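Participant: In our numbering, the protein residues as written are -3 to 317.
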Ligand SMILES: NC(=O)c1ccc[n+]([C@@H]2O[C@H](COP(=O)([O-])OP(=O)(O)OC[C@H]3O[C@@H](n4cnc5c(N)ncnc54)[C@H](OP(=O)(O)O)[C@@H]3O)[C@@H](O)[C@H]2O)c1
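#1: What do you reckon, is the C-beta of residue 159 under 7 Å from a heavy atom of ligand 1?
#2: What residues in its chain sit with their C-beta under 8 Å from that of residue 234, if we drop five residues either side in the sequence?
#3: Per DSSP, residue 1 is paired with what?
#4: Ordered along the chain, which non-local residues of its own chain (more than five positions away) have a Cβ less than 6 Å from that of residue 156?
#5: For residue 44, which of 7, 23 and 63 has the nearest alpha-carbon?
#6: Does the beta-carbon of residue 260, which I'm using as the reference point, lie nearer than 7 Å to any heavy atom of ligand 1?
#7: Counting only C-beta atoms, is residue 122 closer than 8 Å to chain B at any point?
#8: If you reduce the DSSP assignment to three classes, tell me which class residue 94 lands in.
#9: Decide if the region 139 to 146 is in contact with the region 270 to 279; the criterion is three or more beta carbon pairs, one per stretch, under 8 Å apart.
#10: Can you name, in chain order, every residue of its own chain whose Cβ lies under 8 Å from the Cβ of residue 123, other than the five neighbours on each side?
#11: Within a Cβ cutoff of 7 Å, which residues of the same chain sit near residue 192, ignoring the five residues on either side of it in sequence?
#12: Alpha carbon to alpha carbon, what distance is there between residue -3 and residue 339?
#13: Suppose the cutoff is 8 Å on Cβ atoms and the five residues either side in sequence are ignored; what does the same chain contact list for residue 11 look like?
#14: Suppose you measure from the CA of residue 19 to the CA of residue 294; what does that come to, to the nearest Å?
#15: Examine ligand 1 and report whether any of its heavy atoms sits within less than 7 Å of the Cβ of residue 39.
#16: Could you give the distance in angstroms between the alpha-carbon of residue 31 and the alpha-carbon of residue 117?
#17: By the 10 Å Cβ neighbour count, where 16 or more other Cβ atoms means buried, how is residue 222 classified, buried or exposed?
#18: Measure the Cβ-Cβ separation of residue 267 and residue 90 and say whether it is below 8 Å.
#19: Please classify residue 199: does DSSP put it in a helix, a strand, or coil?
#20: Check whether the Cβ atoms of residue 317 and residue 33 lie closer than 8 Å to each other.
#21: By the three-class DSSP mapping on this structure, what secondary structure does residue 172 have?
#22: Check each candidate in 50, 74, 75 and 42 and name the one with the smallest Cα separation from residue 61.
#23: For residue 167, which residues in the same chain have their Cβ closer than 6 Å to its Cβ, ignoring the five residues on either side in sequence?
#24: Tell me where the alpha helix (DSSP H) around residue 274 begins and ends.
#25: Could I get the ranges of all uninterrupted beta strand (DSSP E) runs contained in the region 74 to 133, with 3 residues as the minimum, in chain order?
#26: Is it the case that the CB of residue 239 approaches a heavy atom of ligand 1 more closely than 7 Å?
#27: For residue 230, which three-state DSSP category applies?
#28: Which value, in whole angstroms, describes the spacing of the CA atoms of residue 65 and residue 107?
#29: Could you check the C-alpha separation between residue 133 and residue 78 for me, to the nearest Å?
#30: Can you grab the Cα-Cα spacing for the pair residue 82 / residue 99, in whole Å?
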């Protein structure tokens, strides 16, 4: 089957490690099912995989991709929850020490078919297209958990989202605005700041700008480049919710600011299957749709990866399969 995969990661030039070609069909073990993928979306995780992050030689070749929407063997339209917990695990799958994301231990979604545990399927509502549904399991679920579960934010509060146009950032703007939060963003270009406002942000600032007032929470996926600004932007007792570090993993800790202002640093990763169902319901109830930058055939995956690596995207890249 046609697949997008990695067999020799390249930490310096990840795009050079991208391969598009034939891989064997899945052979699902007991309790797993095969989904015919209709749409799959790209995440920064796939670029990390091309760099070799989290992938050992024994896992190669690995089909990339965490997110998919498609049709199961019974003809049901489904969305795939990307967090694979151990069969014996009960409760929040992200807390299982043995959990992995699709494309880490098990072959991923950027292919014509993917095998997943039957418990990882969530019904796709008819109102959501396959392309839109394929945006939900990683970027959108991560933004949902950061805002409403880990961040525990309430309508009327102000949240700063670092970055406006990425997959997680664009989802956080749309979800936060729909839930009655005042969403502020930073973004690296004037054009992208405008796009952030178009997505629902109440104000958009240059990276590092002094804000009109301090905020209740900051959503951080950028890491080193924005970490200091995130800490400086918080009210005493404010929350820094962090799920990623695209620009670098080792920001200055700024410990005095953290303890004098009693800031809360909260790690957040993906979301549970229950949260994915709630996210989908929330989007249906509030007419919230993912921002999709472009839809490409799987065979043209390289174009989408290059645009993400160059920071050109506004919203998600979706591959139609
Ligand atoms: N822990 C988890 O469960 C989880 C889940 C999803 C994602 N993540 C992580 O979160 C990060 C974002 O993922 P994504 O899929 O949303 O990626 P993406 O679509 O490539 O978005 C990158 C974002 O970073 C912003 N950014 C600002 N300054 C940057 C800089 N100096 N260098 C690079 N980017 C900069 C961009 O904002 P502007 O272009 O608007 O300035 C954009 O919003 C990744 O590191 C990913 O691994 C973690």
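Idealized CB from N, CA, C, for every residue including glycine.
No experiment lies behind these values; they were computed from the predicted model shown.
Facilitator: On the basis of the supplied data:
#1: yes
#2: 210, 211, 212, 213, 214, 257, 259 and 260
#3: DSSP lists 15 and 59 as the beta-bridge partner residues of residue 1.
#4: 180, 211, 214 and 229
#5: 7
#6: no
#7: Of the protein chains in this structure there is only one, and it is not chain B.
#8: coil
#9: Touching, yes, given that three or more Cβ pairs across the two stretches are closer than 8 Å.
#10: 280
#11: 160, 161, 169, 181, 183 and 200
#12: The structure shown does not extend to residue 339, since the chain is modelled only from -3 to 317, so the question has no answer here.
#13: Contacts found: 46, 298, 301, 302 and 305.
#14: Between the alpha carbons of residue 19 and residue 294 lies a gap of roughly 13 Å.
#15: yes
#16: 9 Å
#17: By the 16-neighbour rule on beta-carbons within 10 angstroms, residue 222 is buried.
#18: Between residue 267 and residue 90, the gap from beta carbon to beta carbon is short of 8 Å.
#19: strand
#20: yes
#21: helix
#22: Of the candidates 50, 74, 75 and 42, the one whose C-alpha sits nearest the C-alpha of residue 61 is 42.
#23: 135, 136 and 139
#24: 269 to 281
#25: 109 to 113 and 117 to 119
#26: yes
#27: strand
#28: 12 Å
#29: C-alpha separation (whole angstroms): 6 Å.
#30: The alpha-carbon atoms of residue 82 and residue 99 are separated by roughly 16 Å.
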